[in-house]
Amino acid sequence: MSGEAHPAALGIDVGGSGIKGAPVDLRTGALTADRLRIETPQPATPSAVADVVGEIARHFADELGDGPIGVTVPGVVTRGIVRSAANIDPTWIGTDADTLLSERVGRDVHVVNDADAAGVAEARFGAARDQRGLVLVTTLGTGIGTALLLDGRLVPNSELGHLEIDGHDAESRAAASARELEDLSWEEWAERLQRYYGVVEDLLWPSLIVVGGGVSRKADKFLPLLHLRAPIIPAGLRNQAGIVGAALLAYEERGSRP
Ligand code: BGC
């Protein structure tokens with residue numbers, strides 16, 4: 026061991042109810058300080074969220090040094106511009122979020138899709154670590170987020186939660202929020218997941234499916250009810266995956282590898 030400090034970046038996960046951030050050790054994927062959680066402002070406009078991101082960045086200024094900041098949003102992001110907003114304030118669409126947040130915070134901020142961040146974290150440090158071939162990481166929450174990884178490399182913005190299945194936007198039937206809203210039993214919800222993952226599997230033939238999102242803590246209630254070709258397993262990093270993946274992607278955006 027050289028005793029040299031490991032590279033660090035700040036990861037911030039923007040969710041519907043809370044915005045959570047922590048500095049991440051990029052060689053181990055561990056959080057190097059307790060997470061800070063701030064209620065998501067309502068409405069969660071780009072400007073209101075930028076203020077919270079700024080507050081979290083100031084809180085961790087000492088731990089972070091000159092490391093970059095990665096921020097997740099639940100929408101498509103191409104070159105820092107948010108392109109869709111199924112479950113966030115519609116004013117995000119067309120917002121150059123990298124520029125807005127970098128200017129507001131006064132440091133490099135890189136914005137990525139929430140499921141992509143979770144997928145990258147799972148591939149590097151979690152349930153999909155060292156997996157070759159095509160891995161599908163899904164997050165079951167308010168919506169369904171998806172990340173595709175080929176030999177550990179992300180294919181960004183896959184958006185398979187919005188496949189149209191049986192005449193419905195898939196996430197409106199099979200997200201964790203549908204189970205709660207419709208008060209479905211685990212068995213009833215599992216039938217919907219079976220249909221969802223079955224269709225996705227027939228289209229993509231992944232070698233592994235990883236299931237994240239808060240409900241993955243209860244994976245034993247529904248994963249054993251699913252019958253798919255690929256193994257389907259719970260996420261390893263649980264609710265830290267977004268923070269860890271956002272930090273990693275921000276660091277790599279600078280052209281560096283941890
Ligand atoms: C959005 C995705 C997001 C997912 C999970 C979907 O409705 O379109 O971009 O990853 O929800 O938050």
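At position 215 of the sequence shown the residue is numbered 240 (the numbering used here), and the sequence of numbers has no breaks.
We treat Cβ as the ideally placed atom computed from N, Cα and C, and that holds for glycine.
Please read all numbers here as calculations on a predicted model, not as lab measurements.
Assigned secondary structure, L251 (DSSP; H/G/I helix, E/B strand, else coil): By one-based count along the sequence shown, residue 251 stands at place 226. Three-state DSSP puts L251 in coil, outside helix and strand.
Inter-stretch contact (C-beta, 8 Å, three-pair minimum) for the segment 149-162 and the segment 170-178: yes
L178 - containing beta strand (DSSP E), residue span: One-based indexing of the sequence shown puts residue 178 at position 153. Looking at the sequence provided, one finds Arg at residue 178 rather than Leu. Segment 178-180, the beta strand (DSSP E) holding R178.
Check: P99 C-beta below 6 Å from any heavy atom of the ligand BGC: Reading the sequence shown from its first residue, position 74 is the one you call residue 99. For the ligand BGC, at least one heavy atom lies less than 6 Å from the Cβ of P99.
P115 (DSSP reduced to helix, strand or coil): Numbered from 1 along the sequence shown, position 90 holds the residue referred to as residue 115. P115 falls in the helix class under three-state DSSP.
Three-state class that DSSP yields for T103 in the structure shown: Taking the sequence shown and counting its residues from 1, the one referred to as residue 103 is at position 78. The answer is strand: DSSP assigns T103 an E or B state.
Enclosing beta strand (DSSP E) for D50 [first to last residue]: The residue you call residue 50 lines up with position 25 of the sequence shown. Taken as a continuous stretch (DSSP letters only), the beta strand (DSSP E) holding D50 covers 43-50.
P32 versus G267: straight-line alpha-carbon distance, rounded: Within the sequence shown, the letter at position 7 stands for residue 32. Within the sequence shown, the letter at position 242 stands for residue 267. Straight-line Cα distance between these residues: approximately 18 Å.
Any non-hydrogen atom of the ligand BGC within 6 Å of N264 CB: The residue you call residue 264 lines up with position 239 of the sequence shown. Incorrect: N264 has no Cβ contact closer than 6 Å to the ligand BGC.
Proximity test, A146 beta-carbon vs the ligand BGC heavy atom, cut-off 6 Å: In the sequence shown, counting from the first residue as 1, residue 146 sits at position 121. False, no ligand heavy atom lies under 6 Å from that Cβ.
Heavy atom of the ligand BGC within 6 Å of D227 beta-carbon: Residue mapping note: residue 227 aligns to position 202 of the sequence shown, counting from 1. No - the ligand BGC has no heavy atom lying nearer than 6 Å to the Cβ of D227.
Supposed close pair A255, Y221 - CB separation, criterion 8 Å: By 1-based counting over the sequence shown, the position of residue 255 is 230. By 1-based counting over the sequence shown, the position of residue 221 is 196. That pair is no contact at about 14 Å.
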